[in-house]
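Right, one structure below, let's go through it.
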Amino acid sequence: MANLLEGKTALILGVANRWSLAWAIAQAFHREGARLALTYQGDRQREVVRELGRELGALVLSCDVTQDSELERLAADLRAAGGGLDAIVHSIAFAQREDLSRPFLETSRSGYLVAQEVSASSLVAVARALVPLMSGGGSLTTLTYLGSIRVVPNYNVMGVAKAALEASVRYLANELGPQGVRVNAISAGPVKTASARGIKDFSKMLEGVAERAPLRRNTEPGEVADTAVFLASELGRGVTGNILFVDAGFQLLGM
Ligand code: NAD
0 MANLLEGKTA LILGVANRWS LAWAIAQAFH REGARLALTY QGDRQREVVR ELGRELGALV
60 LSCDVTQDSE LERLAADLRA AGGGLDAIVH SIAFAQREDL SRPFLETSRS GYLVAQEVSA
120 SSLVAVARAL VPLMSGGGSL TTLTYLGSIR VVPNYNVMGV AKAALEASVR YLANELGPQG
180 VRVNAISAGP VKTASARGIK DFSKMLEGVA ERAPLRRNTE PGEVADTAVF LASELGRGVT
240 GNILFVDAGF QLLGM
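Residue numbers (numbering that gives the first Met the number 0): 0 to 254.
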């Protein structure tokens, strides 16, 4: 089969390091022939992500998604670098560490709001700033987790943010569909990344999934990445407003 993303340009937001799901997605997009731009957040990540970007011949830009001015600058930089986009991957989330360990009832207003702003509202801001670059239609994909619809110990405020993110996917899919832009989320099983390590007892989650998931193992980053390829490619042309589980089947269990 020909490369699935040949001739397409993709922007991937949320590479922090080699363990990031966004990095697995970037590698899969590169393998399939996409031209890539990657973003990172803040000076601390700059050198690592520039180095990763060099491996894939990607343009590397900085963007804090809570700042509209940075999103506008990102759109301007992409336009200056040649213009259009066919795919965007939003692989970004944040919650205060204490909100991923103490009882949900103790979530502070500020902790609740920061999780919503970075993890959910940013998808709308990204779409507003960058979908105008998708003049020929395209695909916007975000990353979510089962904690949006089920109670998962310690996921707490992030589960509430993911619920808002998934609802945002549906509203955006409906509004952007007429211009040929599809919006979907991949609901990934737990994968050990920097963000995941912030969740109390994360290794117990991994053990529980491996024991009970129908496939009796955890999710591989490459499986999430290949699903992102499918969604961004012509193969996904009929799919929008969906939450696709890539989780070794764990979501179907009732007990
Ligand atoms: P990660 O820590 O590698 O990625 C999170 C990214 O969010 C980082 O690159 C970080 O810089 C970025 N980010 C945070 N605040 C930002 C801001 N203000 N502006 C721009 N970027 C910002 O961890 P990951 O696990 O690869 O997470 C990627 C996505 O996948 C997240 O949405 C996460 O919730 C989701 N997800 C992860 C898992 C898992 O188990 N790892 C499972 C399901 C879904």
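All C-beta atoms, glycine included, are put in the ideal place defined by N, C-alpha and C.
Tell me the DSSP bridge mates of residue i?
i: residue 104; result: Partner(s): none; residue 104 has no beta bridge.
i: residue 129; result: Partner(s): none; residue 129 has no beta bridge.
i: residue 142; result: 185
i: residue 137; result: 180
Do residue i and residue j have their C-beta atoms within less than 7 Å of each other?
i: residue 208; j: residue 237; result: no
i: residue 98; j: residue 156; result: yes
i: residue 269; j: residue 91; result: Absent from the model: residue 269. The displayed extent of the chain is 0 to 254, so no value can be given.
i: residue 242; j: residue 184; result: yes
i: residue 136; j: residue 176; result: no
i: residue 171; j: residue 128; result: no
i: residue 119; j: residue 160; result: yes
i: residue 76; j: residue 60; result: yes
i: residue 186; j: residue 143; result: yes
i: residue 117; j: residue 11; result: no
i: residue 224; j: residue 9; result: no
i: residue 57; j: residue 37; result: yes
i: residue 54; j: residue 62; result: no
i: residue 192; j: residue 18; result: yes
i: residue 20; j: residue 220; result: yes
i: residue 115; j: residue 162; result: no
i: residue 199; j: residue 100; result: yes
i: residue 249; j: residue 212; result: yes
i: residue 44; j: residue 15; result: yes
i: residue 31; j: residue 2; result: yes
i: residue 235; j: residue 169; result: no
i: residue 197; j: residue 96; result: yes
Let me know if residue i comes out buried or exposed under the rule of 16 or more other beta-carbons within 10 Å of its beta-carbon.
i: residue 85; result: buried
i: residue 33; result: buried
i: residue 35; result: buried
i: residue 204; result: buried
i: residue 246; result: buried
i: residue 165; result: buried
i: residue 222; result: buried
i: residue 251; result: exposed
i: residue 82; result: exposed
i: residue 133; result: buried
i: residue 265; result: For the chain, the structure presents residues 0 to 254; residue 265 sits outside this window and is missing.
i: residue 40; result: buried
i: residue 150; result: exposed
i: residue 109; result: exposed
i: residue 274; result: Outside the modelled stretch of the chain, which goes from 0 to 254, sits residue 274, for which no answer is possible.
i: residue 153; result: buried
i: residue 230; result: buried
i: residue 145; result: buried
i: residue 13; result: buried
i: residue 253; result: exposed
i: residue 6; result: exposed
i: residue 80; result: exposed
i: residue 167; result: buried
i: residue 107; result: exposed
i: residue 202; result: exposed
Measure from the C-beta of residue i to each C-beta in chain D and report whether the shortest distance is under 7 Å.
i: residue 122; result: No chain D is present in this structure, which holds just one protein chain.
Under a criterion of Cβ closer than 5 Å to any non-hydrogen atom of the ligand NAD, which residues qualify, in chain order? The answer, residue by residue, is 13, 15, 19, 20, 40, 63, 64, 65, 90, 91, 92, 93, 117, 142, 144, 187, 189, 190, 192, 193, 194, 195.
Whole alpha helix (DSSP H) elements within the region 50-100, 4-residue minimum: Within the region 50-100, complete alpha helix (DSSP H) segments of at least 4 residues are found at 67-79, given in chain order.
Enumerated in chain order, which unbroken segments of the beta strand (DSSP E) with a length of 3 residues or greater are wholly contained in the region 4-54? If we require 3 residues or more, the beta strand (DSSP E) runs fully inside the region 4-54 come out as 8-12, 34-39.
Which runs of the alpha helix (DSSP H) spanning at least 4 residues fall entirely within the region 168-249, listed in chain order? Counting only runs of 4 or more, we get 201-211, 220-231.
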